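Protein chains in written order, with our numbering: chain L, 1 to 400; chain R, 1001 to 1400.
Positions of the beta carbon are idealized from the N, C-alpha and C atoms, including for glycine.
For clarity, every value in this text was computed on a predicted model and none was experimentally measured.
The structure appears below as structure tokens.
Given below as structure tokens:
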């Protein structure tokens, strides 16, 4: 299958490319290198050292004799996307090329605007280019479990039957996201449902949980590593906790720590995405998966991290709750459904309690790099303080 | 009350300004004159002749001795909005300054992108400027009944209780809009719910039905007219039908004509918005109104138009169904709730069967202008044919 990965340089994009190549697919990719740049702007870096895209491609050629056609560019540039799809004529497109940090989107008005508009424009460019050039192509788009928020009822996979005033309909689940980033994914989901209705495009919309882990089975040497972010803007809670454990900082859950989210390992995320690609939806079908295996509260993550670091690295971890920078329910019901991928043959292969050993070992291996990130782990981005613009002189506008 | 009207030059904005002034409020306004420009681009014009904003302001000074502070600028320009709100420090902001044509948003990718991003950015700029400068200000934002789509169940006013797998929650009604324009309003609604949660802003989100009519009681002379669009891009079905009746063209419902929507008169829309402003939500409250009085199918609109034009203008109207340019259900259930405004004291004052006489008479008065619009009334903008970008040379991108 000819598969185009948008966001091929990213945490998910790179291991997915490795997996798809190793399964015999023809892989091409594009990336704007947005995440590399933006992570540096907050004085952070991938904890794992990563090669440049050019070096990565060279490495794959050297190891496996396979070529990845790679283009540097931004999906929010319509001409770039049209040219790319015209050239590749892919059977499937994996769209991972969105700004993917909730805290980044909450830094201030300009980051909120950038996240909301660029993510939306990219997805819009894609569906127009698909209907104009490759109308039978399958779009596999990464959404997030965070689109649903934390309602007090079970969360279905995308759609469910609602009864109201004695009548019934099958409708999209009402979303309530927790950051501009998460809302950008809700807006994408809405736009994709409409694009499917307009042009019968075949689309898989993946509501993915939080992904953990540094490796998949194809990552058998350091030079194949994918990025791994641990700072307060670009890293997940688990990544921060593991790094804090290794560099002997207290582990810092936000608020009460009873916030509960769905999780899966990087290996299993790649397994799921591969199944989604190899078992595409029917022509004209829009399908939604909830893609996660386990759910944990932030406190449980902190405890697992502390317990494991104490056992394998001889640490003596402390857990210190800090003020929650986010606006979120700190205690809530959480029971999302996730059976559709299983019905396509997906079986979970990893568990957090095992994978966390690898994560801690990898951080330990790059402990010098972790030490350099000490000052960017604790929360600085507070949702309610998201900054506006500097107030200009009111006289700059014309009165009539 | 100090009220800032964004979009003061528009169909709703201008009569709202007249009403609020006549009720003793201090009115200021801004407009980018976007609609005037864009309507000219499709070789159309307001059927009613309208003054420039400067002339309008002069007229109000002359007639009522009242001043409107007016600024030309775009809400999608953050500096403009910050400066404006800093200068005015309004008690309430009415946000009508969005691209408001469904067909315009479906012309092609660039109009889709423009509609989705500029509408979103404007609303985002506003909530940031409010929380930074006037956190207690009331934002009254115009949404549309079209956000809900046409589900097979009753439509509540914003939120409803859902029971699923034996548990209950009060959640936003799941939206399903029918054009990029309508989706832009859904995205705004979602962003406003989140802004309210972040910063406790007080917001009224108005899900307004289709508005008909050329006048409100304050419009007692031609020079006070608001704009009235009748072309296929900027006009509503009823406006097109009435114009077709006057210029002896067949009345052309789209498709089967069983599509049903909520309607209210311009007079009553202004009544509703005024009640919304004079009875603001509590601090921290986000409230939603469904703002309409009656619902009609497109066929019913065509029949009322034909019957009335035959009776009062001696016409012999024909109704000719044309291919539906839109992607929409042509037969569906439709029963939205609309009791919240009534509970605030709103009483309907007009009915379509009476107002349509004024509309037809006004079009008859400006029959020469209507004749000039003959070629822009029938549908040219087909949803499924929304154009992408011209395909560039694939060699314009760099291969690595």
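Query                                                                                                                           : Result
Range of the contiguous alpha helix (DSSP H) that encloses residue 1308 of chain R                                              : 1298-1313
Per-residue contacts from residue 109 of chain L into chain R (C-beta, under 8 Å)                                               : 1078, 1124, 1125, 1128
C-beta neighbour in chain A for residue 27 of chain L, strict 7 Å                                                               : Absent here is chain A; the protein component of the structure consists of chains L and R.
Residue ranges of each beta strand (DSSP E) within the stretch 101-130 of chain L, 3 or longer                                  : none
Buried versus exposed, by CB contacts within 10 Å (16 or more), residue 298 of chain L                                          : buried
Check: residue 28 of chain L C-beta below 6 Å from any heavy atom of the ligand HEM                                             : This structure lacks the ligand HEM, and indeed carries no ligand of any kind.
Span of the alpha helix (DSSP H) around residue 1360 of chain R                                                                 : 1352-1365
Cα-Cα separation between residue 238 of chain L and residue 170 of chain L, rounded to whole angstroms                          : 36 Å
Beta-carbon gap between residue 1354 of chain R and residue 1213 of chain R smaller than 7 Å                                    : no
For residue 968 of chain R, the three-state DSSP class (helix, strand or coil)                                                  : What is shown of chain R runs 1001 to 1400, which leaves residue 968 of chain R out entirely.
Inter-residue spacing [alpha-carbon to alpha-carbon] between residue 1002 of chain R and residue 326 of chain L                 : 34 Å
Local Cβ density within 10 Å of residue 146 of chain L, reported as buried at 16 or more and exposed below that                 : buried
Helix, strand or coil at residue 1193 of chain R according to DSSP, with G and I counted as helix                               : helix
Residues of the stretch 1187-1209 of chain R whose Cβ lies closer than 9 Å to any Cβ of chain L, in chain order                 : 1187, 1190, 1191, 1193, 1194, 1197, 1198, 1199
Which residues DSSP lists as bridging residue 1133 of chain R, in chain order                                                   : According to DSSP, which records beta bridges pairwise, residue 1133 of chain R is partnered with nothing at all.
Buried or exposed (CB count within 10 angstroms, at least 16 for buried), residue 396 of chain L                                : Bear in mind that the predicted position of residue 396 of chain L carries a pLDDT of just 46, short of 50, making it unreliable; the figure below should be weighed with that in mind. Its Cβ having fewer than 16 others within 10 Å, residue 396 of chain L is exposed.
Whether residue 1044 of chain R touches residue 1231 of chain R by CB criterion (7 Å)                                           : yes
Neighbour flag for residue 67 of chain L against chain R, beta carbons, 7 Å                                                     : no
Coarse secondary structure for residue 1336 of chain R, derived from DSSP in three states                                       : strand
Of the listed residues L:364, L:247, L:140, L:41, nearest to residue 270 of chain L (C-alpha basis)                             : L:140
Within chain L, partners of residue 1383 of chain R - CB distance below 8 Å                                                     : 198
Chain R contacts made by the stretch 95-107 of chain L, where a contact means CB separation under 7 Å                           : none
Assigned exposure category for residue 1386 of chain R - 16 Cβ within 10 Å defines buried                                       : buried
Cβ contact check for the stretch 189-200 of chain L and the stretch 56-73 of chain L: 3 or more pairs under 8 Å                 : no
The stretch 325-344 of chain L: positions lying closer than 7 Å to chain R by Cβ                                                : 327
C-beta neighbour in chain L for residue 1007 of chain R, strict 7 Å                                                             : no
Neighbour-count burial assignment, residue 302 of chain L, 16 or more Cβ in a 10 Å radius                                       : buried
Nearest to residue 123 of chain L (by Cα), restricted to the options R:1113, R:1121, R:1132                                     : R:1113
Which of helix, strand or coil DSSP assigns to residue 263 of chain L                                                           : strand
Residues that residue 167 of chain L contacts on chain R, provided the C-beta gap is smaller than 8 Å                           : 1152, 1153, 1154, 1333
Sequence-distant residues of the same chain with beta carbon closer than 7 Å to residue 1268 of chain R, five excluded per side : 1293, 1348, 1349, 1350
CB contact flag (residue 1219 of chain R, residue 1370 of chain R, <7 Å)                                                        : no
Short Cβ contact (7 Å threshold) for residue 236 of chain L with residue 206 of chain L                                         : no
Cutoff 7 Å: residue 394 of chain L Cβ touching any chain R Cβ                                                                   : For residue 394 of chain L, the predicted structure reports a pLDDT of 42, less than 50, and the residue's modelled location is therefore unreliable. The matter cannot be settled from this model.
Per-residue burial, residue 1048 of chain R [other beta carbons within 10 Å of its own, 16 or more giving buried]               : buried
Whole-angstrom C-beta distance between residue 1388 of chain R and residue 132 of chain L, which should lie under 8 Å           : 4 Å
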